[in-house]
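The structure appears right after this line, and notes come after that.
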Amino acid sequence: AVWRDQPGPTTSEPCPGNICTENSYASNIFTFNVTQWTTYIANESVINVNECGLLNNASVRYNATQNLQTNRTCFDVSASYVIIDCNTASYGLGLTGNRSNETFYSGINATQITNLTLVNCSISNFSRGIYFLNVSNSAIVDNNITEPMISAIHIVNHSNTLKIQNNTILVNNYSGLLIPGIIIENL
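All residue numbers for the sequence shown refer to the numbering used here, where the first residue is -13 and numbers rise by one.
Here is the structure:
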C-alpha cells in the first residue's frame, strides 16, 4: 500500500487512488506513480510465521521465526506482492520436509501469482525445494536448497521475468537417480 505522511509523528492515512497508483513490488523494490508532489512513504506489512501453511495475504513480508518441519508442502503462496524471508535475525532458518515418501510436496509452492521474493531460506528434503507454476516478476535469491527428490527449483508453464541469483543447491542421487538442480518447463 502507498501511504501519505500526515502532520504529527505517528499518524498516516492511505494515499487516495486518484493520487497514488501502485505499479509493482518485487525484490524489496516498491514502485508507484503519484499525480502531485508531496511526501509519500511505502508501508510494508509484516507477518511473523512460526508454522507451515497457506500464505494468502497480498503486499506482505512473511518473516520465518523458527525452523519448520512438515510432512507436506511448507508454504503454499496464493497472493501476489509477497516476500518470504527466513533470515529475520541474521541467520537462515530452515524448512525441512520428510523425504521418506514419493509425493510431490515442496518447501515453497507458488501458483498463478506475481511479484514473489524468496530470500535467505534453507530448504531441505522436499520433493521440490521451490515450485513455481505461472509465476512472474519474481525472485529467488540467497537460498540454500539441499537434498530434493525431484528438483531444487522447478519452474513451469509461462513463469516469466524471474530472477534466480546467488542460491546454493546441493543434490545427491535419490534411489540411484540423478536429481537436477533447476528444471524449467514450457516457458
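We put the CB at the ideal spot given by N, CA and C, even for glycine. Given the structure is predicted, the values throughout are model-derived calculations rather than measurements.
Cβ-Cβ separation, residue j to residue i (assumed contact under 8 angstroms), whole Å
i: T97; j: N120; result: 6 angstroms
i: S137; j: G167; result: 7 angstroms
i: V157; j: I165; result: 4 angstroms
i: G93; j: L81; result: 5 angstroms
i: T100; j: S64; result: Their Cβ separation, rounded to whole angstroms, is 12 angstroms, which puts T100 and S64 out of contact at 8 angstroms.
Alpha carbon of residue i to alpha carbon of residue j, nearest angstrom
i: N57; j: F18; result: 40 angstroms
i: I150; j: I33; result: 24 angstroms
i: I155; j: N4; result: 46 angstroms
i: L104; j: I70; result: 5 angstroms
i: T132; j: T89; result: 17 angstroms
i: P134; j: H140; result: 11 angstroms
i: N43; j: N9; result: 18 angstroms
i: L40; j: N152; result: 26 angstroms
i: S76; j: Y117; result: Model confidence at S76 stands at a pLDDT of 49, short of 50, so the residue's coordinates are unreliable; what they give is reported in the following sentence. Answer to the nearest angstrom: the Cα atoms are 25 angstroms apart.
i: G83; j: V68; result: 22 angstroms
i: C6; j: N49; result: 27 angstroms
i: N111; j: S31; result: 30 angstroms
i: R47; j: G115; result: 20 angstroms
i: T85; j: S45; result: Sequence check: residue 85 is Arg here, not Thr. Rounded to the nearest angstrom, the two C-alpha atoms are 32 angstroms apart.
Any chain D beta carbon closer than 7 angstroms to residue i
i: I126; result: The chain labelled as chain D is not found in the depicted structure, where only one protein chain is given.
Residue j beta carbon less than 7 angstroms from that of residue i
i: T51; j: Y91; result: no
i: E171; j: V127; result: no
i: C72; j: L54; result: no
i: N130; j: S108; result: yes
i: N95; j: D62; result: yes
- beta strand (DSSP E) runs contained entirely in the segment 71 to 131, provided each spans 3 or more residues: 80 to 82, 92 to 97, 102 to 105, 108 to 110, 114 to 119 and 122 to 127
- Query: Fully enclosed by the segment 32 to 56, which beta strand (DSSP E) runs are 3 residues long or longer?
  - Reply: 39 to 41 and 46 to 50
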